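Numbering-wise (our numbering), the sequence shown opens with residue 21 and increments by one.
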Amino acid sequence: MCANARPYSLQASDTLSCSVEMLEEQSSLPHVVEPADIVGTSELTVSFTATSVGRYSLCVKVNGILVSNEIHERTYLAGPVDCSKTVVISNSHTMVAQRGIYNTVLIEPKDYYGNSASMEPKNLDMVVVKNESPRVVMETELVQHQNETGECELYFKLEHTGLYRGTVKYNSKTVGAGDFTIICLEESQIKSVETTVAKRDVNVWYEARIAPSRPSEKGKKVYVYITPRQFQVREYILRIFPKRFFTCRVRPSTKITFLEK
Numbered sequence: 021m022c023a024n025a026r027p028y029s030l031q032a033s034d035t036l037s038c039s040v041e042m043l044e045e046q047s048s049l050p051h052v053v054e055p056a057d058i059v060g061t062s063e064l065t066v067s068f069t070a071t072s073v074g075r076y077s078l079c080v081k082v083n084g085i086l087v088s089n090e091i092h093e094r095t096y097l098a099g100p101v102d103c104s105k106t107v108v109i110s111n112s113h114t115m116v117a118q119r120g121i122y123n124t125v126l127i128e129p130k131d132y133y134g135n136s137a138s139m140e141p142k143n144l145d146m147v148v149v150k151n152e153s154p155r156v157v158m159e160t161e162l163v164q165h166q167n168e169t170g171e172c173e174l175y176f177k178l179e180h181t182g183l184y185r186g187t188v189k190y191n192s193k194t195v196g197a198g199d200f201t202i203i204c205l206e207e208s209q210i211k212s213v214e215t216t217v218a219k220r221d222v223n224v225w226y227e228a229r230i231a232p233s234r235p236s237e238k239g240k241k242v243y244v245y246i247t248p249r250q251f252q253v254r255e256y257i258l259r260i261f262p263k264r265f266f267t268c269r270v271r272p273s274t275k276i277t278f279l280e281k
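Below, the structure written as structure tokens:
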């Protein structure tokens with residue numbers, strides 16, 4: 021606009037500058053000014069994508085003078101929940117649950133760009149399937165809750181011990197990276213496992229068998245040793261001499277796939 025509030029058409033001699041900034045991070049954003057040829061136009065469109073929640077500023081100058089004599093600010097909020105970006109918080113891909121009590125699954129809702137979003141806990145669901153053939157959907161008691169930090173807590177209860185596959189859903193869409201393994205144990209079994217894993221030595225072992233290449237064959241008998249940092253498989257020659265069959269370091273990201281019998 022001119023000083024008399026009439027539209028001003030940009031001239032070839034005019035210098036146009038435009039900047040978009042995310043104020044909290046003090047960073048500049050890429051943007052597009054249209055039309056590309058500004059000569060003779062009195063209207064401009066500035067396009068940019070705000071990927072982070074927060075305050076943004078738009079500054080447009082012609083010949084070093086602010087257009088409308090002000091810097092425009094706008095606050096952007098998180099978008100709708102994106103199930104593929106939402107996180108099921110867990111220390112690993114395998115969850116140990118106790119039979120007969122409510123166990124907790126923590127969900128951190130995210131939008132498309134990974135910002136913390138708002139989720140309706142009542143729209144959360146969890147499908148638990150017995151990890152055997154045929155697949156049997158288990159009846160699971162569920163309680164939904166949202167805590168003060170915005171994370172959603174999903175409480176579930178299983179009445180039988182065993183191996184299960186769990187999938188968290190929001191508005192019927194799968195949340196996170198997909199399903200995860202649930203090992204449901206008695207309280208005494210959980211305490212025994214926790215005691216074993218807490219030990220720093222490898223004196224406690226479990227018997228196992230290597231999966232055979234053919235169904236008619238019987239797998240080789242081995243012994244599994246677990247510590248907080250290591251997973252080790254041994255075999256014994258003549259039942260006396262140990263031979264290390266396999267060793268790997270264990271991290272929270274380590275994924276173990278449990279196969280059917």
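Where a beta carbon is used, it is the ideal one built from N, C-alpha and C, also for glycine.
Quick caveat, the model's predicted, so the values are computed rather than measured.
Backbone secondary structure at residue i - three-state DSSP
i      : result
Thr277 : coil
Val244 : strand
Ser39  : strand
Lys142 : helix
Asn151 : coil
Asn135 : coil
Val270 : coil
Ser67  : strand
Val87  : helix
Ala117 : strand
Ala56  : coil
Cα-Cα separation between residue i and residue j, rounded to whole angstroms
i      : j      : result
Ser289 : Lys81  : The structure shown has nothing for residue 289, since the chain only spans 21 to 281.
Ser104 : Ala197 : 7 Å
Phe265 : Thr69  : 53 Å
Ser110 : Thr277 : 16 Å
Gln46  : Val213 : 49 Å
Phe200 : His113 : 6 Å
Pro262 : Gln118 : 35 Å
Lys241 : Thr267 : 16 Å
Phe251 : Ser138 : 39 Å
Lys211 : Leu183 : 18 Å
Lys193 : Val253 : 38 Å
Residue-chain proximity (residue i, chain B), Cβ-Cβ < 7 Å
i      : result
Met139 : Judged by its chain identifiers, the structure shown contains no chain B, having just a single protein chain.
Residue i - partner residues in DSSP beta bridges
i      : result
Glu255 : Lys263
Thr95  : Arg75
Cys172 : Ile127 and Gln166
Arg229 : Lys241
Open item on the list: To test your reading of the DSSP string, which unbroken beta strand (DSSP E) runs of 3 or more residues are found completely within the stretch 178-216?
Closed with: Those beta strand (DSSP E) runs which fall completely within the stretch 178-216 and span 3+ residues are 182-190 and 200-205.
- [ ] Specify whether the stretch 205-220 and the stretch 187-195 touch according to this definition: at least 3 beta carbon pairs, one from each stretch, less than 8 Å apart.
- [x] Counting Cβ pairs under 8 Å, fewer than three are found: no touch.
Open item on the list: Contact between the stretch 143-157 and the stretch 87-99 is defined here as three or more beta-carbon pairs at a separation below 8 Å; is this criterion met?
Closed with: Cβ pair count under 8 Å is below three, so no.
Open item on the list: Under 8 Å, with one C-beta from each stretch per pair, do the stretch 61-77 and the stretch 156-176 reach the 3-pair mark?
Closed with: No contact exists between the stretch 61-77 and the stretch 156-176.
Open item on the list: For the stretch 223-235 against the stretch 126-133, do three or more pairs of beta-carbon atoms, one drawn from each stretch, fall closer than 8 Å, so that the two count as touching?
Closed with: No, the stretch 223-235 is not in contact with the stretch 126-133.
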